[in-house]
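Comments concern the structure below.
In the UniProt record's numbering, the protein residues as written are 1 to 268.
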């Protein structure tokens, strides 16, 4: 297991430059034949699952997993499960000071499990949106975002190591996933599959820790976001419904009135 304190020290002492970052969506059961890595890099898994083999070591990656590899490693991978694999990749160039051992953490392959943390996802999105920084100030902003990202990853890993409840972690990951994907079609089966559980078991645990069934939570979260949109501007009801995951504005309006006692147009 990677030592979190040593990894934090490497981030503190190292001099690095972010060279590339991207977001990719890979189809189920896709295969990537063996190749040799050429850069230091991280993969941040958002949804779906993958099996990666690096120099003979196999890693199972799921939503919330963070994987690292260094140059000169033999790697192949496969998307597992029936879902698409969505992930962010981040590659960097690293220079370490002479006083640090040449075989530092960044020259190894490892996996971190911070969980599907919403703050981590938000920072990944911001890094992706700032793909082409302007000038040195822009580059400084990228480094700031990267350090904030890795700080969140290490803090979340430390928290999970000290938390003895894997079910609580699973629910936290599910909540983060819902908050990121609420505008898409979400089913109980899909949410359960993300955590390799039956729908009944997943629903039971979700209710135990949140007081709501998963789909009830999705509906409530969507309607809360709809309220924010209604307050923010003069958007058509159809557009608001679509933005929060409903292609039928009449159905959306019925749900809204049932929860808040007034129609969306009256709420505006």
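For every residue, glycine included, the Cβ atom is placed at its ideal position computed from N, Cα and C.
Cβ neighbours of residue i in the same chain (closer than 7 Å, five flanking residues each side left out)
| i | result |
| --- | --- |
| residue 243 | 183 and 229 |
| residue 62 | 45 and 49 |
| residue 157 | 4, 112, 113 and 114 |
Contact belief for residue i with residue j at Cβ below 8 Å, rounded distance in angstroms
| i | j | result |
| --- | --- | --- |
| residue 21 | residue 90 | 5 Å |
Beta-carbon proximity check, residue i vs residue j, cutoff 8 Å
| i | j | result |
| --- | --- | --- |
| residue 51 | residue 18 | no |
| residue 132 | residue 54 | no |
| residue 40 | residue 94 | yes |
| residue 92 | residue 16 | yes |
| residue 155 | residue 218 | no |
| residue 34 | residue 73 | no |
| residue 77 | residue 32 | yes |
| residue 124 | residue 149 | yes |
| residue 199 | residue 189 | yes |
Close-in-space but distant-in-sequence residues of the same chain around residue i (CB under 8 Å, 5 per side omitted)
| i | result |
| --- | --- |
| residue 209 | 167, 168 and 171 |
| residue 260 | 223, 227 and 267 |
Same chain, Cβ closer than 6 Å to residue i, neighbours up to 5 away in sequence not counted
| i | result |
| --- | --- |
| residue 6 | 105 |
| residue 38 | 71 |
| residue 192 | 199 and 202 |
Bridge partners - residue i, DSSP secondary structure assignment
| i | result |
| --- | --- |
| residue 69 | 41 |
| residue 50 | 61 and 79 |
| residue 110 | 68 |
| residue 25 | 86 |
| residue 193 | DSSP lists no partner for residue 193. |
| residue 247 | Residue 247 pairs with nothing; no bridge assigned. |
| residue 94 | 16 |
The region 56 to 70 in contact with the region 23 to 36 per 3-pair CB rule at 8 Å: These segments do not touch.
field: Stretch pair the region 71 to 86 + the region 117 to 127: three plus CB contacts closer than 8 Å
entry: Taking a contact to require three or more Cβ pairs closer than 8 Å, the region 71 to 86 and the region 117 to 127 do not qualify as touching.
- prompt: Given 8 Å as the limit, is there contact between the region 239 to 256 and the region 214 to 225, that is, 3 or more CB pairs closer than that?
  reply: Because the criterion of three Cβ pairs below 8 Å is met, the region 239 to 256 and the region 214 to 225 touch.
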